[in-house]
Every structure is written in structure tokens, then in C-alpha cells.
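Just so you know, the protein sequences line up as chains A and B, in that order.
Under UniProt numbering, the first residue of the first sequence carries the number 1, and numbering increases by one thereafter.
Under UniProt numbering, the first residue of the second sequence carries the number 1, and numbering increases by one thereafter.
Only one structure is covered here, and it is reproduced in the block below.
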Amino acid sequence: MNKIKERGMKIVFMVAACASVLAVFLICLFLFASGIPAIGKIGPLEFLFGTEWRPSNDMYGIFPMIVASIYVTGGAILVGVPVALLTSVFMARYCPKKIYRPLKSGIELMAGVPSIVYGFFGLVVMVPMIRETFGGTGTSWLAASLLLGIMILPTIIGPTESALRSVPESYYEGSLALGATKERSIFRVMLPAAKSGILAAVVLGIGRAIGETMAVIMVAGNQARMPQGILKGLRTMTANIVTEMGYATGMHREALIATGVVLFVFILIINLSLSLLNRRAENAN
Amino acid sequence: MQTNAAALNSQVNSKKRNSSSLTDQLRSYLRHPGSGILAFLTGLAAVLTFAVLIFLVGYILIKGIPYLTPELFSFEYNSENVSLMPSLINTFIMTVLTLVIAAPIGIFAAIYLVEYAQKGNRLVKVIRITAETLSGIPSIVFGLFGMLFFVTALQWGMSLMAGICTLVIMVLPLIMRTSEEALKAVPDSYREASFGLGAGKLRTIFTIVLPSAVPGILAGIILAIGRIIGETAALLYTSGTVAQVPNLMGSGRTLALHMYVLSSEGLHMNQASATAVVILVFVLVINWLSGKAAKRIAKG
Chain A
1 MNKIKERGMK IVFMVAACAS VLAVFLICLF LFASGIPAIG KIGPLEFLFG TEWRPSNDMY
61 GIFPMIVASI YVTGGAILVG VPVALLTSVF MARYCPKKIY RPLKSGIELM AGVPSIVYGF
121 FGLVVMVPMI RETFGGTGTS WLAASLLLGI MILPTIIGPT ESALRSVPES YYEGSLALGA
181 TKERSIFRVM LPAAKSGILA AVVLGIGRAI GETMAVIMVA GNQARMPQGI LKGLRTMTAN
241 IVTEMGYATG MHREALIATG VVLFVFILII NLSLSLLNRR AENAN
Chain B
1 MQTNAAALNS QVNSKKRNSS SLTDQLRSYL RHPGSGILAF LTGLAAVLTF AVLIFLVGYI
61 LIKGIPYLTP ELFSFEYNSE NVSLMPSLIN TFIMTVLTLV IAAPIGIFAA IYLVEYAQKG
121 NRLVKVIRIT AETLSGIPSI VFGLFGMLFF VTALQWGMSL MAGICTLVIM VLPLIMRTSE
181 EALKAVPDSY REASFGLGAG KLRTIFTIVL PSAVPGILAG IILAIGRIIG ETAALLYTSG
241 TVAQVPNLMG SGRTLALHMY VLSSEGLHMN QASATAVVIL VFVLVINWLS GKAAKRIAKG
């Protein structure tokens, strides 16, 4: 009796463990099965590199959206990475012990704030600010990149700080003993030693930025055309799906799902490079 | 008196020492201006990061709290009074049911990975890779999948159930990973002692290993609650946006969706900011709780 119970539960545990395998399998199956035929019908080249998105005229080119996703993410990296790196240096090396705990939970809070709240903040604070300072409508590439730059801060700071902390203290002391200043030791010795961990953190931030949906929709303007400047609106792939899925039917709907497939492939590539980087970081230690 | 004077004296001394090391530091920065600039930038970045956080939280609280009126919590939603009560109840239902499904699966999966799987097992490798992949997928892709699978293929229509199942897949890797870490942190001597007393494997797991891993598992579940409450993109086309408390096969919006609909319509921005306050309070409480759970782990 006991043996049957032990065996039975082992199988239950194993089935539960396979749930994630089943989930990934189903996600791939349903996305690709619904999206790839549409890409075939439109023509892969027209779909990926067509610059006109006019569903009412049966023109489905998502090149503007791909470019917009890359631009917005690039901008977010430019804004977020320097601040995040310096903040992690502060957290790992400068922060007085007394205020470390509250600051750390502040960063955790930042990671926990939902994207819809960030989006709302962007909409009621940043967009009017950009409108008043630079003119235009305010909903723009700049607003999206600034907001995403803020949102990826905690994503990058967490892993970067632990990468910095895992560098042996002897590196730092050795550098000090050679007469280097504290800053020189941190930025020329510690940071290069933590390189692969930091790179993995940045890739994680890229993944978060490119997949972000709700916050971007609220501040980016969502015009389906090639990006025309930093103060003009643009539409990312994620925004394309959400803004039009509500009323799309037939070919239009399939083209939107196909947009999701392209986004999914982007994410898979980012995930793959992330796990490669993580393996390298583990080997380096 | 004397002790007081001595204390004062030592205090003055330590202050002197502090200020002299500070001037030393400044002098060294004058000699190495590059270092000084870097130190300044580092401090500036940290101040910037936390200023943004404080501004964000403060702005939303100050903007939204005045609009937290009793009408906002009435049970009936209509176009004049965009009550958040139905969404609040839906959020609660979805959080509970998602966890009821996701927590056992996630914890059982972690038990398999930690207690049963042999090293180098090919299945384990596949499970790990897929869990890693799942945790990197953005919520809009989960939303698309939920729409294609639960809503369309299984013909559930836009419903709470479709939303719940989509969320289960989304939080599963999070619960799996945190539970796995919690189980791994239980010392092997516990298991050996239990085996030594004649307990079977199953009994050891449920009476010895799991109870000692509870704080870690709880921390993961709390994080999952946070993700469920804030989720929008995955629910927009799975649970839908109808402002009512439906049965499980009907469409209903959560708080985050309520906020999205209000702010994208643009007619009830004040009520949207009040909803933001409610969500933010939840997030603050969740953060506080997970911090507490983490402290209990640290204590052992």
C-alpha cells in the first residue's frame, strides 16, 4: 500500500514538473500555427519589410513596428543602463550601512510597481512635461524611451549589484595597494571583472523593454508609420497587437497574431543569448 | 558628570577624525579629478533613481487619495459612477483561484526537481530550459496565447476562467523557482534524520522538508500575487473588460484593467488615479510582506 502511494506521488510530482514543458509546447504550437500561415499568405518579405500598415487596404507591413520596437528599446537602454550601472556601484560600494536596507527595498518596490501604474504616471506627468518643453503632442519616442528607461532600472540594478558583490574583495584591495584610487579600482578592476554578469543584466533589461506593452501604449502615440523623429509618435510591435486586436477580424487578426510571432522570436533570441551569457558568468566564477 | 564629559570628549574626537578623513578624501579627489567626477556621478545616479521612485509613489498617492470617495466603492458600476468595487472583487477571485491552481503545480514541480530528479537527467534539463523560457516571455504573448487557446480553441469565450488559466502559466515559473530554492536550502541532515527514524520518502517530504521551506515558498507566492494584481496585457483579451462580477465563465475586469480602460477612455482620469492608489497600496503591502518572509528565511 505504502509503496503504491510512494510511486503514485512520484508520478504526480513528475507530471507537475512537466507542466512548464507542456505550456511552452502549447504556446509555440498555437502561436506559430496561427501566425505562420498569415505570414505565408502576405509573403514573408512584404510582411517583415513592408513599410505600409493599412489593414483596410490589405497592406500588412510591420517594418515600422519592428523599427519602432528597436528604437524605443535602444533609447531605454541609453537612458537606463548608465544610471542603473552607477546606482548598482553605489549600492555595492558606497552605500552607508544604515540606509542600505531601505534603499534595497526601494528598488524591490520599483520592480513591483505594475506597468499600468508606470504608464499612467508617464501619461499624466511625462507626456505633458515633454509637450510643454519641446512642443508637439508629447506622446512620442522620447516619452516611451524615458519611461522604459525608468522601468528597466530595477531589472538591471539587482543582478548587476550581485555580480559586483561576487567579485573577490582581493581584486579591490590589490588595486588599492597599487596606489589606485577607490573609483579607479571600482571602475577599472571591479566592473571589468563582473563584465559577463553585467551584460546578462543588460540583456534582461532589453527583454523587459521590448516586451513591455501597457506602459508604452499609453505614452508612445501609436501611429503606424516609420518613426519620424524623437518627438514624434511611433507604434511598437506590442502596441500594434493590443490597439487593434479588439476589433480585428479575418486576415487583419491573423496579421496581428503574426506580429506576436515576430515578437516571440525576438524574445526567444534574447532568452537564448541570456542563458549563454549566464553560463559564461557561471564558468567565470 | 565626569562620564558625560568623557563621552562628549570622545564624540568630539570622533567628529574630528571623521572630518579629517573627509577632507583627505576631498584632497584626493582634487589630485585625481577623474575619480572625483566618477564618485559624484555615482552619487548622482543613486539620488536620481530614488528621487524618481519617491516622485512616482508620492505623485500617485497625492493625486489619487482625494478621489477615494465612498461612491467609488459602491457595488454597482455605471457610466456616471465608475465604481471600482466589481474590479476589486474580480481581482480577489482571480488571485485566489490562480494561486489555488498554480501553487500546488509549482511546489510539486519543485519537489520533483529537488527531491527526486537524478543529476544529468535529460528531462530535468528540458524542464529547466522551458521554465527559464516561460519566465522571459512578455505578458502580451501570454495574452495572445490565452486568447488563441482558452478563449478560441477551447471555446470558453472571454471569461474569468480563461484569464485565470493564462495567469497560472505566467506565474508558474516564478513559484517553481522560488520553491526550488527554498527546498534546496533545507539541510540534508533533516532528511537523513527523518529517514533514520524510519520515515518514508513521502512522509519526509511532507512532514519535515516542506514545513521548513514554508517561508521561502511563501515569499514566492507573495511575489506571484503582486504580478497577478498588476497584470494587464495578459488579461485584456482573455478575461475581457466588462465591469461586473461574473460567474467563472463570464467576462470581468480586474483593478489593473479597470485603470487601463478608464485612462485610455480619458473621461474619468481622477477615478483612474484613485484606482492607481488602491493598486499601489496593494503593491506596498505585498512588498512589506515579502520583505518580512525574507527576513524569516535569513533567521533560519
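Note that CB positions come from ideal geometry on N, CA and C, so glycine has one too.
Please report how far the alpha carbon of residue i lies from the alpha carbon of residue j, in whole angstroms.
i: Pro154/A; j: Ala215/A; result: 16 Å
i: Asn271/A; j: Gly207/A; result: 8 Å
i: Tyr190/B; j: Arg203/B; result: 12 Å
i: Tyr237/B; j: Met170/B; result: 15 Å
i: Pro64/A; j: Thr238/A; result: 12 Å
i: Leu231/A; j: Phe134/A; result: 8 Å
i: Ile37/B; j: Leu86/A; result: 12 Å
i: Gly196/B; j: Glu169/A; result: 42 Å
i: Met147/B; j: Ala162/B; result: 8 Å
i: Ala109/B; j: Arg253/B; result: 30 Å
i: Leu289/B; j: Phe75/B; result: 29 Å
i: Glu71/B; j: Ser83/B; result: 7 Å
i: Gly233/A; j: Leu41/B; result: 32 Å
i: His268/B; j: Lys184/B; result: 49 Å
i: Ala143/A; j: Tyr118/A; result: 12 Å
i: Phe280/A; j: Gly158/A; result: First, the residue type needs correcting, since residue 280/A is Arg and not Phe in the sequence shown. Each residue's alpha carbon lies about 18 Å from the other.
i: Arg253/A; j: Met245/A; result: 7 Å
Would residue i pass as an interface residue toward chain B - the criterion being a Cβ-Cβ separation below 8 Å?
i: Pro114/A; result: yes
i: Leu78/A; result: no
i: Gly106/A; result: yes
i: Met218/A; result: yes
i: Ala144/A; result: no
i: Val24/A; result: yes
i: Met251/A; result: no
i: Ala20/A; result: The sequence given here places Ser at residue 20/A; Ala does not occur at that position. Yes, Ser20/A lies at the interface with chain B (some Cβ there is under 8 Å from its Cβ).
i: residue 287/A; result: No answer is possible for residue 287/A: it lies beyond the span of chain A, which begins at 1 and ends at 285.
i: Lys97/A; result: no
Quick check on the DSSP output: the alpha helix (DSSP H) that includes residue i runs from which residue to which?
i: Asp188/B; result: Asp188 to Gly196
i: Phe63/A; result: Phe63 to Val89
i: Leu178/A; result: It is not in any alpha helix (DSSP H) - Leu178/A carries neither H nor E in the DSSP assignment.
i: Phe40/B; result: Pro33 to Gly64
i: Val151/B; result: Careful: Val151/B lies outside any alpha helix (DSSP H) and carries neither H nor E.
i: Ser83/B; result: It is not in any alpha helix (DSSP H) - Ser83/B carries neither H nor E in the DSSP assignment.
Would you say residue i lies against chain A (beta-carbon separation less than 8 Å)?
i: Tyr220/B; result: In the sequence on display, residue 220/B carries Gly and not Tyr. Not closer than 8 Å to any Cβ of chain A, the Cβ of Gly220/B fails to qualify, so no.
i: Phe195/B; result: no
i: Gly216/B; result: no
i: His32/B; result: yes
i: Pro187/B; result: no
i: Leu68/B; result: no
i: Val283/B; result: yes
i: Ser35/B; result: yes
i: Ala45/B; result: yes
i: Arg17/B; result: Confidence at Arg17/B is low in this model, with a pLDDT of 49, below 50, so the placement of that residue should be treated as unreliable; the coordinate-derived value is given next. Chain A, which has no Cβ nearer than 8 Å to the Cβ of Arg17/B, makes this no.
i: Ala287/B; result: Checking the sequence shown, residue 287/B turns out to be Asn, not Ala. For Asn287/B, the answer is yes, since a Cβ of chain A falls inside 8 Å of its Cβ.
i: Ser212/B; result: no
i: Leu134/B; result: yes
i: Leu53/B; result: yes
i: Phe149/B; result: yes
i: Lys184/B; result: no
For residue i, which of the options has the nearest alpha-carbon?
i: Val100/B; options: Ile60/B, Asn287/B, Leu88/B and Ile164/B; result: Ile164/B
i: residue 328/B; options: Ala281/A, Leu234/A and Val124/A; result: In the structure as shown, chain B starts at 1 and stops at 300, and residue 328/B therefore has no counterpart that could be examined.
i: Pro246/B; options: Ser79/B, Ala224/B, Leu61/B and Leu88/B; result: Leu88/B
i: Met59/A; options: Gly74/A, Glu6/A, Ser275/A and Leu256/A; result: Leu256/A
i: Val67/A; options: Ala248/A, Gln223/A, Arg280/A and Met251/A; result: Gln223/A
i: Thr49/B; options: Ala200/A, Leu234/A and Ile152/A; result: Ile152/A
i: Gly294/B; options: Thr51/A, Ala19/A, Leu22/A and Glu108/A; result: The residue asked about is misnamed: residue 294/B is Ala in this sequence, not Gly. When only C-alpha atoms are compared, the closest one is Glu108/A.
i: Ser140/A; options: Ile39/A, Leu191/A and Gly221/A; result: Gly221/A
i: Ile77/A; options: Glu161/A, Ala209/A, Arg253/A and Ser20/A; result: Ala209/A
i: Leu44/B; options: Gly174/A, Ala84/A, Ile42/A and Ala180/A; result: Ala84/A
i: Val189/A; options: Gly174/A, Leu263/A, Val15/A and Tyr118/A; result: Gly174/A
i: Ala233/B; options: Ile27/A, Asn2/A, Ser115/A and Ile4/A; result: Ser115/A
i: Val47/B; options: Ser196/A, Ile130/A, Ser20/A and Met91/A; result: Met91/A
i: Arg296/B; options: Pro215/B, Val242/B, Leu61/B and Ile140/B; result: Pro215/B
i: Val202/A; options: Cys28/A, Thr236/A and Thr160/A; result: Thr160/A
i: Phe30/A; options: Met126/A, Ile156/A, Ala258/A and Ile70/A; result: Ala258/A
i: Ser56/A; options: Leu22/A, Ala163/A, Ala23/A and Ala248/A; result: Ala248/A
If you measure beta-carbon to beta-carbon, which residues of the stretch 233 to 263 of chain B are closer than 8 Å to chain A? Ala233, Leu236, Tyr237, Ala256, Met259, Tyr260 and Ser263
Of the residues that make up the stretch 254 to 277 of chain A, which ones have a beta carbon closer than 8 Å to any beta carbon in chain B? Within the stretch 254 to 277 of chain A, the qualifying residues are Ile257, Gly260, Leu263, Phe264, Ile267, Leu268, Ile270, Asn271, Leu274 and Ser275.
Residues of the stretch 7 to 18 of chain A with a CB closer than 9 Å to any CB of chain B: list them in chain order, please. Met9, Lys10, Val12, Phe13, Met14, Val15, Ala16, Ala17 and Cys18
Output needed in chain order: residues of the stretch 155 to 183 of chain A with a Cβ under 8 Å from some Cβ in chain B. Ile157, Thr181, Lys182 and Glu183
Pull out every residue of the stretch 26 to 50 of chain A whose Cβ sits closer than 7 Å to any Cβ of chain B, in chain order. Cβ proximity to chain B below 7 Å picks out Leu26, Ile27, Phe30, Leu31 and Ser34 from the stretch 26 to 50 of chain A.
Which residues, in order along the stretch 120 to 135 of chain A, keep a beta-carbon less than 8 Å from a beta-carbon of chain B? Phe120, Phe121, Leu123, Val124 and Val125
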